[in-house]
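Asker: Residue numbers for the sequence shown follow our numbering, beginning at 2 and rising by one. Next up is a structure, given as structure tokens.
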Amino acid sequence: MILLTGATGFFGGHLLSALIKAGRNVVILKRTFSRLDRIRNLIPRTLACYDVETTDIDDIFRKNRIETVIHAAVNYGRAGESITEVLEPNFLLPLRLYKNVCEHGGCFMTMDSFFTKDGRIYPEAVDYCLSKRQLSEWLRYGGAQSVNIRVEHMYGPHDHPSKFIPSVILSLLRGEKFIQLTAGTQQRDFIYVGDVVKSVLVVLENLPKINNGYTEFQIGTGQVTEIRRVVHMIKEIVKNQSTSLDFGALPMSPDEITRSCADNQDIVSLGWRPQVDLQTGLLKTVQFYRQN
Numbered sequence: 002m003i004l005l006t007g008a009t010g011f012f013g014g015h016l017l018s019a020l021i022k023a024g025r026n027v028v029i030l031k032r033t034f035s036r037l038d039r040i041r042n043l044i045p046r047t048l049a050c051y052d053v054e055t056t057d058i059d060d061i062f063r064k065n066r067i068e069t070v071i072h073a074a075v076n077y078g079r080a081g082e083s084i085t086e087v088l089e090p091n092f093l094l095p096l097r098l099y100k101n102v103c104e105h106g107g108c109f110m111t112m113d114s115f116f117t118k119d120g121r122i123y124p125e126a127v128d129y130c131l132s133k134r135q136l137s138e139w140l141r142y143g144g145a146q147s148v149n150i151r152v153e154h155m156y157g158p159h160d161h162p163s164k165f166i167p168s169v170i171l172s173l174l175r176g177e178k179f180i181q182l183t184a185g186t187q188q189r190d191f192i193y194v195g196d197v198v199k200s201v202l203v204v205l206e207n208l209p210k211i212n213n214g215y216t217e218f219q220i221g222t223g224q225v226t227e228i229r230r231v232v233h234m235i236k237e238i239v240k241n242q243s244t245s246l247d248f249g250a251l252p253m254s255p256d257e258i259t260r261s262c263a264d265n266q267d268i269v270s271l272g273w274r275p276q277v278d279l280q281t282g283l284l285k286t287v288q289f290y291r292q293n
């Protein structure tokens with residue numbers, strides 16, 4: 002049985018759908034006020050749905066035989082949240098879940114991002130980076146099997162409109178006069194959400210082969226594309242000929258991550274490979290926002 006957090010979010014919703022299709026028994030732990038739009042039709046197919054504010058975490062493990070926890074809940078602190086509000090889903094909640102895994106057995110999996118790769122602190126999300134780094138340190142020295150899934154720049158349908166790719170798509174679909182951007186020379190490893198979901202399924206299938214301590218997998222295509230190029234690709238897919246792309250209008254942060262690319266050999270060795278190329282993934286994503 003799998004305990005999944007973050008099921009109402011962008012990635013969590015995609016993962017929940019895939020887990021159910023794969024015949025997995027899933028228990029959800031969510032916030033009371035979480036929007037259920039993405040998973041409303043999936044909830045009846047889960048074994049249980051708990052609200053974190055009103056549920057004793059220890060009691061979930063006593064009532065259910067949890068074999069794997071997948072912690073996909075996250076708070077980047079981009080909406081002015083307090084440090085406490087960022088710490089709760091990124092560090093405090095997963096630590097309570099991990100404690101139960103140590104006591105009852107099983108595996109603890111958590112989703113991470115390239116923001117914290119190689120010990121870096123991304124200036125746009127300091128609280129997020131510090132909380133995720135602290136969690137990974139606990140997992141490294143804990144007593145249970147744990148897996149950190151470090152994802153590069155993930156994109157796809159159902160992502161929040163404020164995220165980079167959705168915001169560009171929506172601006173172009175609206176035919177805005179111009180879009181202000183940085184120089185766009187940052188290089189990112191763009192990975193489609195469906196491929197990230199499949200990487201988690203591959204890890205689940207191979208847990209008996211993975212060491213019982215701490216393991217990290219970097220999830221990405223292993224190739225980089227300039228942000229500038231991605232914006233032009235979206236503009237071509239949308240067939241927008243009127244919006245001006247104002248590259249250089251916004252300053253680039255002195256601490257900006259100029260290049261990030263996954264070293265995905267460990268996950269590839271388990272049989273996973275990305276299936277959706279950037280052009281196809283952007284087509285799917287544009288189609289979703291065009292229809293929604």
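Virtual Cβ for every residue (Gly too), placed ideally from N, Cα, C.
Per DSSP, which residues does residue 72 bridge with? Please list them.
Answerer: The sequence position of residue 72 within the sequence shown is 71, counting from 1. Answer is 6, 111, bridged to residue 72.
Asker: Within the chosen definition, does the region 67 to 82 reach the region 102 to 111 through at least 3 CB pairs nearer than 8 Å?
Answerer: yes
Asker: Going by alpha carbons, who is nearest to residue 188 out of 250, 59, 115, 267?
Answerer: What you label residue 188 is simply residue 187 of the sequence shown in a count that begins at 1. For the residues 250, 59, 115, 267, the minimum Cα distance to residue 188 belongs to 115.
Asker: Which same chain residues, not among the five before or five after residue 249, have their C-beta less than 6 Å away from its C-beta?
Answerer: Your numbering for residue 249 matches position 248 in the sequence shown. Closer than 6 Å at Cβ, skipping near neighbours: 184.
Asker: In whole angstroms, what separates the C-alpha of residue 88 from that of residue 113?
Answerer: Residue numbering aside, residue 88 sits at position 87 when the sequence shown is read from its first letter. Residue numbering aside, residue 113 sits at position 112 when the sequence shown is read from its first letter. Cα to Cα, the separation comes out at about 14 Å.
Asker: Decide if the region 214 to 228 is in contact with the region 143 to 158; the criterion is three or more beta carbon pairs, one per stretch, under 8 Å apart.
Answerer: yes
Asker: Which class does residue 196 belong to by DSSP, given the choice of helix, strand or coil?
Answerer: Counting from one through the sequence shown, the residue named residue 196 turns up at place 195. It is helical.
Asker: Closest to residue 122 by CA distance: which of 255, 182, 205 is it?
Answerer: Here residue 122 corresponds to residue number 121 of the sequence shown, with the count starting at 1. Residue 255 holds the alpha-carbon nearest to the alpha-carbon of residue 122 among 255, 182, 205.
Asker: Within this structure, are the beta carbons of residue 82 and residue 128 separated by less than 9 Å?
Answerer: Here residue 82 refers to the residue found at position 81 of the sequence shown. Here residue 128 refers to the residue found at position 127 of the sequence shown. Cβ atoms of residue 82 and residue 128: closer than 9 Å.
Asker: Report yes or no: do the region 202 to 210 and the region 238 to 245 share at least 3 C-beta pairs separated by less than 8 Å?
Answerer: no
Asker: Would you list the one or two residues that DSSP bridges to residue 226?
Answerer: The count along the sequence shown starts at 1 and reaches residue 226 at position 225. Paired residue(s): 189.
Asker: Quick one: grab the DSSP three-state call for residue 253.
Answerer: The residue labelled residue 253 in the question sits at position 252 within the sequence shown. For residue 253, the secondary structure class from DSSP, reduced to helix, strand or coil, is coil.
Asker: Can you tell me whether residue 215 is helix, strand or coil according to DSSP?
Answerer: Reading the sequence shown from its first residue, position 214 is the one you call residue 215. In this structure, residue 215 counts as strand in the three-state DSSP scheme.
Asker: Counting only runs that start and end within the region 33 to 70, where is the alpha helix (DSSP H) found for 4 or more residues in a row?
Answerer: 58 to 64
Asker: Considering Cα atoms alone, identify which of 35, 62, 14 is closest to residue 1.
Answerer: Only positions 2 to 293 of the chain appear in the structure, and residue 1 is not among them; the question remains open.
Asker: For residue 11, is the classification buried or exposed, using 16 other Cβ atoms within 10 angstroms of its Cβ as the cut-off for buried?
Answerer: Taking the sequence shown and counting its residues from 1, the one referred to as residue 11 is at position 10. The residue is buried, with at least 16 neighbouring Cβ atoms inside 10 Å.
Asker: Under the assumption that residue 8 contacts residue 40 (Cβ atoms under 8 Å), give the Cβ distance between them as a whole number of angstroms.
Answerer: Within the sequence shown, numbered from 1, the residue matching residue 8 stands at position 7. Within the sequence shown, numbered from 1, the residue matching residue 40 stands at position 39. So it is a contact: roughly 6 Å between Cβ atoms.
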